[in-house]
Amino acid sequence: MPRIVVDPVTRIEGHLRVEAQVEGGAIADAWSSGTMFRGIEIILRGRDPREAWIWTQRICGVCTTVHALTSVRAVEDALGIEVPDNARIIRNLIAGTQLVQDHVIHFYHLHALDWVDVTLALKADPGKTSQLAESISTWPKSSRNYFKAVQDRVKKLVDSGQLSLFASGYWGHPAYHLPPEANLLAVAHYIEALEFQREFIRIHSVLGGKNPHLQTYLVGGMASSMDANEPGATINTERITQLRELARSARSFVEQVYVPDVLAVAGFYKDWFGRGEGLGNFLAYGCYPMGSIKDHAKFFLPRGIVLNRDLTQVHPVDPANIAEYVSHSWYEYSGGDAQSKHPFDGETNPKYSGPRPPFQQLDTEKKYSWLKSPRYQDQPMEVGPLARMVVAYASGHQEVRTLVDGVLAKLGAPPAALFSTLGRVAARAIETALMARHLEGWVNELDDRMSHGDVRIHDGRLWDPASWPREARGFGTHEAPRGALGHWIEIEDKAIKNYQAVVPTTWNAGPRDAKGQRGAYEAALLKTPVADGERPLELLRTIHSFDPCLACAVHVADARGNTLAHLQVD
Amino acid sequence: MAGMPVEIVVFGIGNVLHGDDGAGVYALERLKKDLRVGRGVRLVDGGTLGLELLDYARGGSHLLFLDAVDAGQEPGTLVRLRGSRLGALRTKGDVHQLGIADLLGALRLVSRRRRAIVLIGVQPSSTDWGTALTEPVHAALPQMVEAAVEQLERWGQRTRRVVVPQVREGGLRQRVGVRFGD
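Sequence lines, in order, name chains A and B.
Quick note: the first sequence uses this note's numbering, first residue 10, plus one each step.
Quick note: the second sequence uses this note's numbering, first residue 2, plus one each step.
Quick look at the structure:
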């Protein structure tokens, strides 16, 4: 069979191309190519470090806040600033909220359609769907009439031909195994998840002043105001009540809808515990500081590395061991492409040498991606929810162990089953449940501090560039929904001299390195069965399990081509 | 839609790191300072879209999108697209799953309310990395703003003549940035 080319991979953020060589009905080799150039580093050079976050949050439509947060942390690290506790808690709340919202959207709106056949939902018996719903959860929206109404609504939209969200599925593919009732249940929750996330993300409007593109970040803390009795304050008693209610809504939705749905769907696809295994190396910077940002041991999610699927040992993370190759990327390094460069010495010199579009196939022997190849001690790493849960599990994080063991027991799977496509789906749900449990606690902590008169939220002592050293460099990290995110900044004469971002999807979707070692996607695709080369649903399952985000997002609306005829242009 | 309260939401859509792709956001910034736009009109810097905008869209009876639109015209040409058929609008090569069509699709799933929807677009010249608009698109911004104001008036939003306090800016400053060439 010739190479399968999926370009673009849909239901992701950004632009990804995958080429796979199929032999004997399974993938024998695979290449992942990020096909858009990410030039944020070039844009930031020469700017004021204090405004870097404003630009980095525009990298992507989905990951806005994680880049803003990591950017202010990088500058704070360079200048030696510790933010006040209130700012730390608000940042945790913003990031935790984003993680929950992003994971819910990923499961229902970007990934579920790989497992759920929407067209089969129309054939379901609403009465049986109601029975199924009530057997897996106490969620109140479970009556026969409710599912009948959902079914009618979806049918109307499918008949009108305007359901673009459902347009990209391989409906009728033999790899779909859910009974019609489970499909209808999932479709109903797809719609409920739209509503849930719409309300829940109001936490960002409260804490960020506006949404998307929060405007309350500030090097040294947050630009929010705290005053229990001041109606105009960002955080007052009324807002605390609102935040608490939103946090509780997340916990209910995740515990009663998202997690039961993942368990129900996974039960029909257990063979996917044995597929998409990947590298077996996992990296987590850890995150959600519970005290000083430097006190990694107290992070809510631990920092560490697990190698070769060995859950008995957690290795420490030393950022000095991170380096990027461009051997198979469309860049060139001064000094040659055989070496790797640490982000502090990072260079972004784009040089496209690929084929001129349109083309059939990339020359994967040479350079074939706009992504670099990050490595830790020359080893490729997987990052993301699975990496975080594996590192937490291996570190003995009690709450994570209980949650993971509970889910595995329900599915009758051993811990080794985590290293798989379905393991990533499960890890994401477990992590969401964990986070949703803790959001309210952070709201309470904020409330407690405010009621005791602690309203300090910004440390402005080093705000004035005149107080900075002539040269400084720093490193900020965050565990974004998709994994370990790092920004490296070098400041000289009050301006940005160099800025490098190593984003989660670069770790996961990056190409081979100088030694020919595959990246995480490439490794995970090996041995994935493909029943129909024209409709490689199985390949998409594994790729989507990583939640790709190519962090570039040019999205010019296209009124040309075959869609123009349908538009009224006046 | 006669008799319904008019709740207008204007979305500036685009990525300001990608040259002309940011035109909609810059047009929105100008509308924020335009004294003719009443306080009842909600102005949303939508960036590169996403389901986060669903909450705003749901709250509106009249939705106006300002965006870069590749209509195969001369750079800087304005286009106006309207009606439910905006749902057929594709994002460039489906790069971004959640384009305007997807947002409107999601909106239809969660709400049965009928809405007036219009997109005012400008033909981009370059969407390469860079924080400056190209000359023809920059020159078209005032017309884009005029077209938007005209649309608001068509929807019954009364023109304001009183001086309102300056709206606080979102922190994003347009600067002549590094242009990254082809």
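Heads up, the beta-carbon is just placed ideally off N, CA and C, and yes, glycines get one too.
For clarity, every value in this text was computed on a predicted model and none was experimentally measured.
List, in order along the chain, the chain A residues whose C-beta lies closer than 7 Å to that of Thr132/B?
Residue 132/B sits at position 131 when you count from the first residue of the second sequence. Those within 7 Å of Thr132/B in chain A are Ile52.
Just checking, does the segment 338 to 358 of chain A make contact with the segment 416 to 426 of chain A on the three C-beta pairs under 8 Å criterion?
no
Can you say whether Thr250/A is buried or exposed, counting buried as having 16 or more other CB atoms within 10 angstroms of its CB?
If you number the first sequence from 1, residue 250/A lands on position 241. When all chains shown are included, Thr250/A counts as exposed.
Sequence ranges, beta strand (DSSP E) only - wholly within the segment 321 to 377 of chain A, length at least 3:
331 to 334
Which residues in chain E sit within 8 Å of Leu52/B, going by Cβ to Cβ distance?
Among the chains of the structure shown, chain E does not appear; the protein chains present are A and B.
Could one say the Cβ of Val146/B lies closer than 8 Å to chain A's Cβ atoms, at least one of them?
As a first step, residue 146/B is located in the second sequence; it is residue number 145 there, counting from the start. Answer no: the Cβ-Cβ gap between Val146/B and chain A never drops below 8 Å.
Comparing C-alpha positions only, which one of Ile68/A, Ser554/A, Gly363/A sits nearest to Val511/A?
The residue you call residue 511/A lines up with position 502 of the first sequence. Of the listed residues, the one whose Cα sits closest to Val511/A is Ile68/A.
C-beta neighbour in chain A for Arg115/B, strict 8 Å
Mapped onto the second sequence, residue 115/B falls at position 114. For Arg115/B, the answer is no, since every Cβ of chain A falls outside 8 Å of its Cβ.
Verify the CB distance criterion: does Ala140/B have a CB-CB separation below 8 Å to chain A?
As a working mapping, residue 140/B is identified with position 139 in the second sequence. Closer than 8 Å: no.
Interface positions of the segment 24 to 43 of chain B facing chain A (Cβ-Cβ less than 8 Å), listed along the chain
none
Based on DSSP bridge pairs, tell me the residues matched to Pro538/A.
Walking along the first sequence from the start, residue 538/A turns up at place 529. Answer is Ala35/A.
DSSP puts Ser41/A in a beta bridge; with which residues?
Position 32 of the first sequence, counting from 1, holds the residue named residue 41/A. Per DSSP, Val27/A.
Mark Tyr361/A as exposed unless 16 or more other C-beta atoms lie within 10 angstroms of its C-beta, in which case mark it buried.
On the first sequence, position 352 is the one that residue 361/A refers to. The residue is exposed, with fewer than 16 neighbouring Cβ atoms inside 10 Å.
Closer than 8 Å at the beta carbon, the chain B residues around Pro221/A
Sequence index remark: in the first sequence, residue 221/A carries index 212 (1-based). Result: Asp46, Gly47, Gly48, Gly51, Glu53, Leu54.
Using a Cβ cut-off of 8 Å (strictly closer), state whether Ala149/B contacts chain A.
The residue you call residue 149/B lines up with position 148 of the second sequence. No, no contact with chain A.
Let me make sure I understand the geometry here. Which of Gly136/A, Gln30/A, Tyr530/A has the alpha-carbon closest to that of Pro389/A?
The residue given as residue 389/A occupies position 380 in the first sequence. Pro389/A has its Cα closest to that of Tyr530/A, out of Gly136/A, Gln30/A, Tyr530/A.
Range covered by the alpha helix (DSSP H) that runs through Lys419/A:
Residue numbering aside, residue 419/A sits at position 410 when the first sequence is read from its first letter. Where Lys419/A is concerned, the enclosing alpha helix (DSSP H) stretches over 407 to 420.
Roughly how many angstroms lie between the CA atoms of Ser378/A and His337/A, to the nearest whole one?
Residue numbering aside, residue 378/A sits at position 369 when the first sequence is read from its first letter. Residue numbering aside, residue 337/A sits at position 328 when the first sequence is read from its first letter. Each residue's alpha carbon lies about 7 Å from the other.
What does Glu488/A pair with, by DSSP beta-bridge criteria?
The sequence position of residue 488/A within the first sequence is 479, counting from 1. Answer by DSSP bridge pairing, in chain order: Ala493/A.
Taking 8 Å as the threshold (beta carbon to beta carbon), is Val123/B in contact with chain A?
Taking the second sequence and counting its residues from 1, the one referred to as residue 123/B is at position 122. For Val123/B, the answer is no, since every Cβ of chain A falls outside 8 Å of its Cβ.
Chain-ordered neighbours of Arg59/B on chain A, where CB pairs are closer than 8 Å
Sequence index remark: in the second sequence, residue 59/B carries index 58 (1-based). Correct list: Arg207.
Measure the Cβ-Cβ separation of Glu391/A and Asn317/A and say whether it is below 8 Å.
Taking the first sequence and counting its residues from 1, the one referred to as residue 391/A is at position 382. Taking the first sequence and counting its residues from 1, the one referred to as residue 317/A is at position 308. Against a cut-off of 8 Å, the Cβ pair of Asn317/A and Glu391/A comes out as no contact.
Cutting at 7 Å between CB atoms, please list the residues of its own chain near Thr537/A, excluding the five before and the five after it.
Looking up residue 537/A in the first sequence gives position 528. So the qualifying residues of the chain are Ala35, Ile36, Arg284, Gly285, Glu547, Leu548, Thr551.
Return the CA-CA distance between Leu88/A and Arg482/A, expressed in angstroms with no decimal places.
Locating residue 88/A in the first sequence gives position 79, counting from the first residue. Locating residue 482/A in the first sequence gives position 473, counting from the first residue. For Leu88/A and Arg482/A, the distance between alpha carbons rounds to 8 Å.
At what residue ranges does the segment 224 to 312 of chain A contain a whole run of the beta strand (DSSP E), taking only runs of 3 or more?
291 to 293
As assigned by DSSP and simplified to three states, the class of Arg7/A
Any answer about residue 7/A is impossible in this case: the structure gives chain A only from 10 up to 579.
Local conformation of Gly13/B per DSSP, three classes:
Stepping through the second sequence from its first residue, residue 13/B is reached at position 12. Note: Gly13/B maps to strand in three-state DSSP.
From the DSSP output, in three-state form, read off Phe156/A for me.
Locating residue 156/A in the first sequence gives position 147, counting from the first residue. It is helical.
Taking the alpha carbon of Val26/B as the reference point, which residue from Val80/B, Arg109/B, Ala72/B, Leu134/B has its own alpha carbon closest?
Translated into positions along the second sequence, residue 26/B becomes position 25. If we check each option's Cα against that of Val26/B, Leu134/B comes out closest.
Beta-carbon separation (whole angstroms), Ala518/A vs Leu25/A, contact threshold 8 Å:
Numbered from its first residue, the first sequence carries residue 518/A at position 509. Numbered from its first residue, the first sequence carries residue 25/A at position 16. Yes, Ala518/A and Leu25/A are in contact; Cβ-Cβ is about 6 Å, under 8 Å.
Taking all protein chains shown into account, decide if Ala140/B is buried (16 or more other Cβ within 10 angstroms of its Cβ) or exposed.
The sequence position of residue 140/B within the second sequence is 139, counting from 1. Exposed is the call here.
Since Ala435/A contacts Ala275/A with CB under 8 Å, what's their CB separation in whole angstroms?
As a first step, residue 435/A is located in the first sequence; it is residue number 426 there, counting from the start. As a first step, residue 275/A is located in the first sequence; it is residue number 266 there, counting from the start. At roughly 6 Å, the Cβ-Cβ gap stays under 8 Å, so Ala435/A and Ala275/A are in contact.
What residues match up with Ala510/A in a beta bridge as DSSP calls it?
Here residue 510/A is taken as the residue at index 501 of the first sequence, counted from 1. Ala510/A is bridged to His496/A.
Measure the alpha-carbon distance for Glu341/A versus Thr65/A and round it to whole angstroms.
On the first sequence, residue 341/A is found 332 positions in, with the first residue counted as 1. On the first sequence, residue 65/A is found 56 positions in, with the first residue counted as 1. For Glu341/A and Thr65/A, the distance between alpha carbons rounds to 23 Å.
For Gln386/A, which of helix, strand or coil comes out of DSSP?
Here residue 386/A is taken as the residue at index 377 of the first sequence, counted from 1. Reduced to three states, the DSSP call for Gln386/A is coil.
Under a Cβ-count criterion, where at least 16 other Cβ atoms within 10 Å of its own Cβ denotes burial, should Phe175/A be classed as buried or exposed?
Position 166 of the first sequence, counting from 1, holds the residue named residue 175/A. When all chains shown are included, Phe175/A counts as buried.
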